[in-house]
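In order, the protein sequence lines correspond to chains A, B and C. Numbering follows the numbering used here, with no gaps: position 242 of the first sequence is 1555. Numbering follows the numbering used here, with no gaps: position 173 of the second sequence is 286. Numbering follows the numbering used here, with no gaps: position 213 of the third sequence is 550. Idealized CB from N, CA, C, for every residue including glycine. Note that this is a predicted model, so its numbers are computed, not measured. First comes the structure, then the notes that go with it.
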Amino acid sequence: MTEPLAEVSNLSVDFVTRESSVRAVNDVNFTMLPGEVMCMLGESGSGKSVTMRALMRLLPPKRSVISGGIRIAGQDVQAMDATALRRMRGSTVSMIFQEPMTAFDPVVRVGDQIAEVVSVHRGVSHAAGRQRALDLFELVRIPSAQRRLDAYPHELSGGLRQRAMIALALSCEPKLLLADEPTTALDATVQIQVLILLRRLQQEMGMSVIFVTHDLGVAAEIADRVAVMYAGRVVETGPVRDLMRRPLHPYTAGLLASTVHDQPRDQDLETIPGTPPDMRHLPPGCAFAPRCPRAGTDCITTVPPPVTPAPGRIVRCLRVEAELV
Amino acid sequence: MMSATLMELDQRDRGGPQQPLLVVRNLRKHFPIRSGILGRVSAHVRAVDNVSFTVRKGETLGIVGESGCGKSTVARLLMRLINPDAGEQIFDGDAVGEHGGISVADLRRQVQMVFQDSASSLNPRMPVQNSIAFGPIAFGTPRVEAVGQARELLTRVGLNPALFGGRYPHELSGGQKQRINIARALAMQPRMIILDEAVSALDKSVEAQVLNLLQALKRSFNLTYVFISHDLGVVRWISDRVMVMYLGEIVEIGPADTIYTGARHPYTRALLASRPALDPDQRREEAPVSGDPPNPINPPSGCRFHTRCPHAEPVCASRAPSLGAEGEQAHRAACHMQDPASGHSQAIAA
Amino acid sequence: MSTTIPGAATAEGSLPTQRGYWGTVGYRLRYDPVTLFFAALLLLIILSAIFAPLLAPFDPYQESIIRRLKPPGFRGHMLGTDELGRDVLSRLLHGGRITLLMGMVPVLVATLIGGGLGLVAGFAGGVVNAVIMRVMDVFYAFPSVLLAVAISGAMGGGVGNGMIALTLVFIPPLCRVAETATTQVRNLDFVDAARATGAPLRLVLWHHVLGNVLGPVLIYASSLTSVSVILASGLSFLGLGVKPPEPDWGLMLNALRQAIYVSPLVCAMPGIAILLTSISMNMLSDGLRSAMDVRS
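Set out below in structure tokens:
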């Protein structure tokens, strides 16, 4: 049994404003093994990005309250001081974002930015950093890498910018890469290139990846395991094949059915009725109950506990348990 | 109300069902790029180049393409929110903005638009029922009556007017706002609605609801849609015919199913193959094309796709392929391989 | 009659609030004690200026050789007396009338003129925008204090000319704010959607553009009033605004300045009045700004 790389237990995040307090992430548990790719799948406001930011301690400390345990590579992230945190970010864990422009200083050449990160983290000269930047650009398959090192961020196209950000994130060989919707803003023909690249890099470098997305198709392309989030909770986890073929939670099933993908045109699409919940006023029981076709009175009052109906799968749904008995 | 709407539609119908509702010929829009303090024009963004197509009465024409392909510019040109540099636009037999034709104001009453960004397309300081009623009031419907109609439309788009009529946009979710935008378009009793990425920003579970709503409304209000999206799955489901654009030009147009099962243009095929498979056992191993779409400021010569095309030959760089004339075939592609006389080695036989 | 529309029955979210836009702004202001405090303070200052004749314990022009520069509390002079033996509290109350007038009227007039120009520049764009904004840039080239002094100096002193000078100083920044807001709003989809109904331009401007430009312009204008009070005091201080013996905070500051070593406490009084007024206005406009940002 290998040591887990990341362990999250009973993680909750509350955002506190002067008017209210909102629980954005509610009792989330998961473990990541080395070399594993996990997709956090969810719609806007489901808490998937907040969970990721909590892992990196990137949430505004004054407005957010984090409880529960986060351990990455054996260290307690919650207990880290500023120095330890800085060492973790960029060496053990790095992150890539939806909008790569935010990761780069617009007035410095991308090659110099990567070189600087490398030289600071490894204590090598700037020239050695530049050489490493060139290697990284070749690693992420940027054509004419030497020339592109001297480009400013705005001179790169969307796909190249995303590759450059991946190069920056990989510069210190992280054990865990957090990817927050990195392909969402890209065109279809570019998105698939970046997905294939990420998958290859992950396999070559043996790193773990947590990949946040709202797109089932993207999850199917890249994930080993999927965690589906709804209203701040992980409602279902499982290996990607099992989860996509036989979703156990009604929300996952609804999401799969309502994703438009070559359905017959003369029929209405299957939908999940209703609207995503208002996080300020969640129902007392299962948050999905008001939209759920299988909900009963017990669902409205009881928060479903996690159950394991099959190996490797965890579901928070009262009906699943009933079905298996 | 519905039968009244239908009768009125019949009255406005001029050429009968055989006449296309909209004919666009050689539409062109180049945006100048100014530089320096004197604002001299240094280059042009070739947003839309030589685009011709028709929209038949009662159909849904889907327009797909990646960013910078000009699909949104086409939408704004059709509404005349921006003026074309060249080209003709004929709405139900009347030339738009020309002497003896139909005025832009009259066109706008018959063609409405729903935008992608449901948040910015509603006035943040206006209750949503007033936003819906704004157009009719501007055209002289008494205020009380217009608001009454707006509340009726709210019901039609699935929102309870007693609960939602008086709300402000920031109190609504994205899907609800998009329903309001649809109601606002319907308030003008249009014959045609242009949906510019109207469901793209919505969550998947809400997207399917709005798509079903659009189909239901199309039937009951006898509408014609131009549906613009980058999502190929959605476009296939909703469209009767599909038009694929690349860097300001049409590369392929035809019946939806034919395009999706037998695409002729290499770009269309690449686009289709780039869709993530919903099956983890059918993951793509190779990207269908490499690189990004080029900048529309200086599009490549000849066929604009030749820089990324796996089948490109010298002829592709030197000469632009033609899409062929309207009416010859239902399914047309602007590719030298489709033209026996092009000189391309993989061209189909005559 | 209504067809079965998917999700129709349940599309109603569980949204608890149904306040309107201004309702939300009001609600937020009600629960903002800092803003409320400074609003009350400002109201107090304005009311005391309005009712100065009723509140003032002494005649503000009544001089007395024997009671010059007395400390606060001296024989009923709560804030002491000035260099001519006049009651400082009475002079502050009366002086507030002119000082506040000079603080608010120029901003009001400049909001109308500058805001209007900015709206036109922003919506018309192109050459119209270039002409209006380049003219404004010329005014921008001078520091506002210098400009006010120069205009006021050229036209001669007096309350009226002082106000005209201040108005001219405030037109360019207000025009700039209105122009920026208009340009932003003009490019939003809802303005396009309104145009797409075929509605006449004036209706689109009135219903969809103006309402969204007014917010930022009013907030900015309210922050300018504090600047205006200080500038007005400055003009009087330099002898360009109010003429003695008329009571005015700036003028009082100037006159009392010479007595700073004799009676520092009295000397500080007009300065404190200016400070309190401008702080109240700044805090109020700050509170207003955050309350009006309903989407935050």
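- Would you mind working out which of A:Leu1469, A:Ala1501 and A:Thr1330 sits nearest A:Lys1375, comparing C-alpha positions? Along the first sequence, one-based indexing puts residue 1375 of chain A at 62. For A:Lys1375, the nearest C-alpha among the options comes from A:Thr1330.
- Task: Could you check how far apart the C-beta atoms of C:Val514 and C:Val546 are, in whole angstroms? I think they sit under 8 Å.
- Result: Reading the third sequence from its first residue, position 177 is the one you call residue 514 of chain C. Reading the third sequence from its first residue, position 209 is the one you call residue 546 of chain C. So it is not a contact: roughly 14 Å between Cβ atoms.
- Ends of the beta strand (DSSP E) at B:Lys142? For this step, residue 142 of chain B is matched to residue 29 along the second sequence. Per DSSP, B:Lys142 belongs to the beta strand (DSSP E) from Leu135 to Ser148.
- Message: Only counting the same chain, and skipping five residues up and downstream in sequence, which positions put a Cβ closer than 6 Å to that of B:Pro434?
- Response: For the purposes of this step, residue 434 of chain B is taken as the residue at position 321 of the second sequence. Cys416, Ala447, Cys448 and His449, listed in sequence order.
- Query: Using a beta-carbon distance cut-off of less than 7 Å, what residues from the region 523-543 of chain C approach chain B?
  - Reply: Leu525, Asp526, Phe527, Asp529, Ala530, Ala531, Arg532, Ala533, Thr534, Gly535, Ala536, Pro537 and Leu540
- Should B:Leu266 be labelled buried (16 or more other beta-carbon atoms within 10 Å of its own) or exposed? For this step, residue 266 of chain B is matched to residue 153 along the second sequence. Its Cβ being crowded by 16 or more others within 10 Å, B:Leu266 is buried.
- What do you get for A:Asn1323, buried or exposed, if any count of 16 or more other CB atoms within 10 angstroms of its CB means buried? Indexing the first sequence from 1 puts residue 1323 of chain A at position 10. Per the 10 Å Cβ criterion, exposed.
- Would you say A:Ala1501 faces chain B, with C-beta separation under 8 Å as the test? Walking along the first sequence from the start, residue 1501 of chain A turns up at place 188. Yes, A:Ala1501 lies at the interface with chain B (some Cβ there is under 8 Å from its Cβ).
- Message: For a test of the three-state rule: what should DSSP assign to C:Ile590, helix, strand or coil?
- Response: Numbered from its first residue, the third sequence carries residue 590 of chain C at position 253. A quick correction: the sequence has Leu, not Ile, at residue 590 of chain C. C:Leu590 falls in the helix class under three-state DSSP.
- Query: Which term fits B:Ile366, buried or exposed, when burial requires 16 or more other beta carbons within 10 angstroms of its beta carbon?
  - Reply: In the second sequence, counting from the first residue as 1, residue 366 of chain B sits at position 253. Buried is the call here.
- Is B:Glu399 buried or exposed, if buried means 16 or more other CB atoms sit within 10 Å of its CB? Your numbering for residue 399 of chain B matches position 286 in the second sequence. It is exposed - the Cβ of B:Glu399 has fewer than 16 other Cβ atoms within 10 Å.
- Endpoints, beta strand (DSSP E) assigned at C:Ser427: Residue numbering aside, residue 427 of chain C sits at position 90 when the third sequence is read from its first letter. Careful: C:Ser427 lies outside any beta strand (DSSP E), inside the alpha helix (DSSP H) at Val425 to Ala461.
- Can you tell me whether C:Leu384 is buried or exposed, with buried defined as 16 or more other CB within 10 angstroms of its CB? Residue numbering aside, residue 384 of chain C sits at position 47 when the third sequence is read from its first letter. It counts as exposed.
- Message: Helix, strand or coil for B:His424? Go by DSSP, reduced to three states.
- Response: As a working mapping, residue 424 of chain B is identified with position 311 in the second sequence. In this structure, B:His424 counts as coil in the three-state DSSP scheme.
- Task: Would you decide whether B:Gln225 is buried or exposed? Buried here means 16 or more other CB atoms lie within 10 Å of its CB.
- Result: As a working note, residue 225 of chain B is residue 112 in the second sequence. Per the 10 Å Cβ criterion, buried.
- Nonlocal neighbours in the same chain, by C-beta distance under 7 Å from A:Ala1482, ignoring five residues either side: Residue mapping note: residue 1482 of chain A aligns to position 169 of the first sequence, counting from 1. These residues qualify, in order along the chain: Ser1407, Met1408, Ile1409 and Leu1490.
- Query: Of all the CB atoms in chain C, is at least one closer than 8 Å to the CB of B:Arg396?
  - Reply: Sequence index remark: in the second sequence, residue 396 of chain B carries index 283 (1-based). No - not a single Cβ of chain C is within 8 Å of the one on B:Arg396.
- Task: Using alpha carbons as the reference points, say which of A:Arg1400, A:Gly1471 and A:Val1573 lies closest to B:Gly181.
- Result: Mapped onto the second sequence, residue 181 of chain B falls at position 68. Nearest of A:Arg1400, A:Gly1471 and A:Val1573 to B:Gly181, Cα basis: A:Gly1471.
- Message: Looking only at its chain, what residues have a beta carbon closer than 7 Å to the beta carbon of A:Leu1447, apart from the 5 residues adjacent to it on each side?
- Response: On the first sequence, residue 1447 of chain A is found 134 positions in, with the first residue counted as 1. Closer than 7 Å at Cβ, skipping near neighbours: Ala1458, Gln1459 and Leu1462.
- Message: Whole angstroms are fine: how far does the CA of C:Ala386 sit from the CA of C:Gly587?
- Response: By 1-based counting over the third sequence, the position of residue 587 of chain C is 250. By 1-based counting over the third sequence, the position of residue 386 of chain C is 49. If you take the alpha carbons of C:Gly587 and C:Ala386, they lie about 15 Å apart.
- Message: My output table needs one value for B:Phe356: the three-state DSSP class, helix, strand or coil.
- Response: Locating residue 356 of chain B in the second sequence gives position 243, counting from the first residue. A small correction: the amino acid at residue 356 of chain B is Met; Phe does not occupy that position in the sequence shown. Here B:Met356 sits in strand by DSSP.
- Query: Checking contacts by CB at 8 Å: is A:Gly1360 closer than that to chain B?
  - Reply: The sequence position of residue 1360 of chain A within the first sequence is 47, counting from 1. Not an interface residue.
- Item | the region 132-140 of chain B / the region 189-205 of chain B touching (three or more Cβ pairs under 8 Å) | yes
- Taking C-alpha atoms, which residue in B:Val270, B:Arg377 and B:Ala263 lies nearest to B:Ser244? Working through the second sequence from its first residue, we reach residue 244 of chain B at position 131. With distances taken between Cα atoms, B:Ser244 lies closest to B:Ala263.
- Task: Given a cut-off of 8 Å, decide if B:Phe340 and B:Asn294 are closer than it, judged by their beta-carbon atoms.
- Result: As a working note, residue 294 of chain B is residue 181 in the second sequence. As a working note, residue 340 of chain B is residue 227 in the second sequence. The answer is no: Cβ separation not under 8 Å.
- Message: On the DSSP letters alone, give me the boundaries of the alpha helix (DSSP H) that C:Gln521 sits inside.
- Response: The count along the third sequence starts at 1 and reaches residue 521 of chain C at position 184. That run of the alpha helix (DSSP H) goes Val496 to Arg523.
- Task: Using DSSP bridges, identify the partner residues of C:His545.
- Result: Counting from 1 along the third sequence, the entry for residue 545 of chain C is found at position 208. Beta-bridge pairing links C:His545 to no other residue.
- Please state whether DSSP places A:Thr1396 in a helix, a strand or coil. Stepping through the first sequence from its first residue, residue 1396 of chain A is reached at position 83. Helix at A:Thr1396.
- If you draw a straight line from the alpha carbon of C:Ser351 to that of B:Ser414, how long is it in whole angstroms? Stepping through the third sequence from its first residue, residue 351 of chain C is reached at position 14. Stepping through the second sequence from its first residue, residue 414 of chain B is reached at position 301. Unreliable placement is indicated for C:Ser351, whose pLDDT of 37 sits below 50; no coordinate value is reported for it.
- For A:Ala1428, which residues of its own chain have a beta-carbon under 6 Å away from its beta-carbon, when the five flanking residues on both sides are left out? As a working note, residue 1428 of chain A is residue 115 in the first sequence. For A:Ala1428, where only same-chain residues beyond five positions count, the Cβ hits under 6 Å are His1439, Gly1442, Arg1443 and Ala1446.
- Flag this pair as yes or no: are the beta carbons of B:Pro453 and B:Ala462 separated by less than 8 Å? As a first step, residue 453 of chain B must be located in the second sequence, where it is residue number 340. As a first step, residue 462 of chain B must be located in the second sequence, where it is residue number 349. Yes, these two residues count as a Cβ contact at 8 Å.
- Message: With distance defined between alpha-carbon atoms, name the residue in A:Val1628, A:Asp1537, A:Leu1499 and A:Ile1627 nearest to A:Gln1515.
- Response: Reading the first sequence from its first residue, position 202 is the one you call residue 1515 of chain A. It is A:Asp1537 whose Cα lies nearest to the Cα of A:Gln1515.
- Query: How about B:Pro282 and B:Ala208: are their beta carbons less than 8 Å apart?
  - Reply: Position 169 of the second sequence, counted from the first residue, corresponds to residue 282 of chain B. Position 95 of the second sequence, counted from the first residue, corresponds to residue 208 of chain B. No.
- Task: Return the chain-ordered list of same chain residues with a C-beta closer than 8 Å to the C-beta of B:Met356, the five sequence neighbours on each side being excluded.
- Result: Looking up residue 356 of chain B in the second sequence gives position 243. Result list for B:Met356: Phe166, Leu174, Gly175, Ile176, Val177, Ile363, Glu365 and Ile366, in chain order.
- Query: In chain order, what residues of the same chain have a beta carbon less than 6 Å from the beta carbon of B:Ser155, not counting five sequence neighbours either side?
  - Reply: To locate residue 155 of chain B, count along the second sequence from 1; it is residue 42. Around B:Ser155: Ile146 and Ser148.
- Could you spell out the range, first to last residue, of the alpha helix (DSSP H) harbouring B:Pro389? Here residue 389 of chain B refers to the residue found at position 276 when the second sequence is read from its first residue. First-last for B:Pro389: undefined, no H or E at that position.
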